[in-house]
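Working notes, beginning with the structure itself.
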Amino acid sequence: MELRRLLLLALICLRAPRLASAQQPDEATVIVKGSTRIAETDDNYVCATIDWWPPEKCNYNQCPWGQASILNLDLDHPFLAQAIQAFDHLRIRLGGSLQDRVVYDVGTESPCSPFTNVSNALFGFSVGCLGMDRWDKLNDLFERTGAIVTFGVNALYGRYNVRRSIWAGKWNSTNAYDFVKYTISKGYPVGSWEFGNELSGHGIGAKVDAKLYGKDVIEFKSILRQLYKAPLSQPLLLAPGGFFDQQWYSQLLETSGHGVVNALSHHVYNLGGGNDVHLIRKILDPKYLDRAEDTYRDMQLTIQRHGTWASAWVSESGGVFNNGGQLVSNTFINSIWYLDQLGMASKYNTKVFCRQTLIGGNYGLLDTQTFLPNPDYYSALLWHRLMGNGVLSVDINAPRQIRAYAHCRKQQQGITILLINLSNTTGYNVTLQNDINVSLGKRPDLEKRSSFTHRLRKAVSWLGRKPASNTRRREEYHLTTKDGDLQSKTMLLNGAPLELGDAGSIPAMDPVLVAVDLPVQLAPTSIAFVVLPKFEAKACS
């Protein structure tokens, strides 16, 4: 076994110079300021969605949803349960565009029918129905896997279309009341309820005035307080689950008032549509990625000025709207966008970040047909396991192609640093420093670092049977793509492909141990999680 690990590490050491053959690695420095936290996330920051779209949902001559909706997903597929369980309480948000077209089959007299194509209807589909037998089966899955549930409620029920996308009229709460009451009677632990989907601002397909929306949110909050008897059992109320519009969101908070909306939720699709031929270029462009920061910053300011009792959630984010980008959203390249967004949003006190989707469309963490994990699944799992809720400030002395985020380590001493290299030609030797500008170790001579024999000698020392001191070592998780193909569906962890084991078991995701006195060797277009167990950070103690 020891020989096998040594040979594997030798392969990793060989890999970086091959990928960066165009030029020698450049130097970079990342300084982590561990004295104070700049933000905090929820312990279950990583979240994934299950949507309502039926198989007939198509865009750009593609129909990638298959049997992956809330109403038809194979809940007994063994890969599905194991994929959820690996997170040890994955937050799952049930919702999407069609949630405002859903009737709950409890206390209703009409037949419970699925969505069907209707050309002149909202989003091109009829009203659909969630049967309570299906709701029971969904909750059986959630109970077996330890999932934390967020459910999106129909906020258009009872309203009417005035003209174009404008909807008016009071929300009819009777169906939602009966559904929540049924859910409580069955003991299903819904952790949060979200009111509506993409009805804010200009809306997507439909929009509702912020003042009217705020009054209806007050009514829904009253229902939750009435039905959940014990104060400690009160779930969170999220709204509006739409695209951020500062004026609209501010008005919602002012109208609904103190303590009604627990979390302002918004959606992020900052890369464009699924037919955009420039998706990869955008993902690798630091200036383009930085544009999303304005949204997170403005959301934080809106809460500080108008609703300090609320927090910020990203309740849906697929990067690419209209089903995701084929051979982009489900390949290695997308992990660069995804992890960068997780890091960026966390700096602005975003508590939860829900990925569209767990399964379904081109942007699923799991493949819609095979249920096999796509690269972003493993990226999400590593974040969930390694990045704690305390967010630390970093300074980066490097070109803009280097992205860096630091958090307190998940439930253990130390910190975890996420490094992303956007350059597809240049590797970097990244020196890590603490917040008093002291290097964590001496930097070896550049000529020696580029020598394979020197690197192999170092590899042997990392994995020796009796290491001199584990306190002088760090853990590294390097994510690269197979054969240098950025659109590969195979992700490599420290040079080895991540593949399911027997019966769909999630593979072990073990780090390599590296002496802290070496720089992190970051290959072109690669990602690395670096865990420093002995990093002294007062903010993490």
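Mind the numbering: the sequence shown is residues -22 to -1, 1 to 519 in mature numbering (1 follows the signal peptide of the UniProt record, and there is no 0), read in order.
No residue lacks a Cβ here, since even glycine has one placed at the ideal position from N, Cα and C.
- Straight-line spacing of the CA atoms in residue 247 and residue 496 works out to 38 Å.
- DSSP places residue 365 in the uninterrupted beta strand (DSSP E) bounded by 365 to 375.
- By the neighbour-count definition (other C-beta atoms within 10 Å, threshold 16), residue 208 is an exposed residue.
- Within the stretch 38 to 118, the complete beta strand (DSSP E) segments of 3 residues or longer fall at 69 to 72, 80 to 83, 106 to 109, listed in chain order.
- Under the DSSP definition of a beta bridge, residue 381 partners with 398.
- Its Cα nearest to that of residue 500, the residue 454 stands out among 475, 515, 454.
- Excluding the 5 residues flanking it on each side, residue 229 has same chain C-beta neighbours closer than 8 Å at 188, 189, 192, in chain order.
- When the beta-carbon positions are compared, residue 285 and residue 231 come within less than 8 Å of each other.
- When DSSP states are grouped into helix, strand and coil, residue 411 belongs to the strand group.
- Around residue 375, the same chain offers 7 as residues with beta carbons nearer than 6 Å, after the five sequence neighbours per side are excluded.
- In this structure, the alpha-carbon of residue 201 lies about 47 Å from that of residue 480.
- Look at residue 512 here: in three-state DSSP terms it is coil, with no helix or strand label.
- Counting along the chain, residue 188 sits inside the alpha helix (DSSP H) bounded by residues 188 to 205.
- Residue 278: member of the alpha helix (DSSP H) spanning 270 to 284, first to last residue.
- The Cβ neighbour count for residue 69, taken over all protein chains shown within 10 Å, is at least 16; the residue is labelled buried.
- Apart from sequence neighbours up to five positions away, the residues of its chain that approach residue 17 with a beta-carbon distance below 7 Å are 324, 325, 326, 327, 369, ordered along the chain.
- Comparing C-alpha distances from residue 54 to each of 74, 157, 123, 377 shows the shortest one belongs to 123.
- DSSP places residue 155 inside the alpha helix (DSSP H), whose first and last residues are 152 to 163.
- In summary, residue 23 is buried, with 16 or more beta-carbon neighbours lying within 10 Å of its beta-carbon over all protein chains present.
- The bridge partners DSSP lists for residue 4 are 406.
- Under the Cβ criterion (8 Å, minimum of three pairs), the stretch 58 to 77 counts as touching the stretch 159 to 179.
- Around the Cβ of residue 44, a 10 Å sphere holds 16 or more other Cβ atoms; the residue is buried.
- The closest CA to that of residue 266, considering only 277, 279, 278, 250, is found on 250.
- Fewer than three Cβ pairs drawn from the stretch 293 to 306 and the stretch 349 to 360 lie within less than 8 Å of each other, which leaves the two stretches out of contact.
- By alpha-carbon distance to residue 220, the top candidate from 382, 102, 242 is 242.
- An exposed status is given to residue 38, since fewer than 16 other beta-carbon atoms sit within 10 Å of its beta-carbon.
- Counting along the chain, residue 172 sits inside the beta strand (DSSP E) bounded by residues 168 to 173.
- Per DSSP, the beta-bridge partners of residue 11 are 371.
- Taking a cut-off of 8 Å for Cβ pairs, the stretch 505 to 513 and the stretch 385 to 400 touch, as three or more such pairs fall below it.
- Below 8 Å, too few C-beta pairs join the stretch 373 to 387 and the stretch 473 to 487 to call them touching: fewer than three.
- Secondary structure of residue 337 (DSSP, three-state): strand.
- Straight-line measurement puts the Cα of residue 278 at about 36 Å from the Cα of residue 488.
- Across the set 401, 159, 145, the C-alpha of 159 shows the shortest separation from the C-alpha of residue 151.
- DSSP lists 397, 456 as the bridge partner or partners of residue 506.
- Going by DSSP, residue 258 is part of the alpha helix (DSSP H) stretching over 257 to 261.
- Residue state for residue 23 is assigned as coil, using DSSP reduced to three classes.
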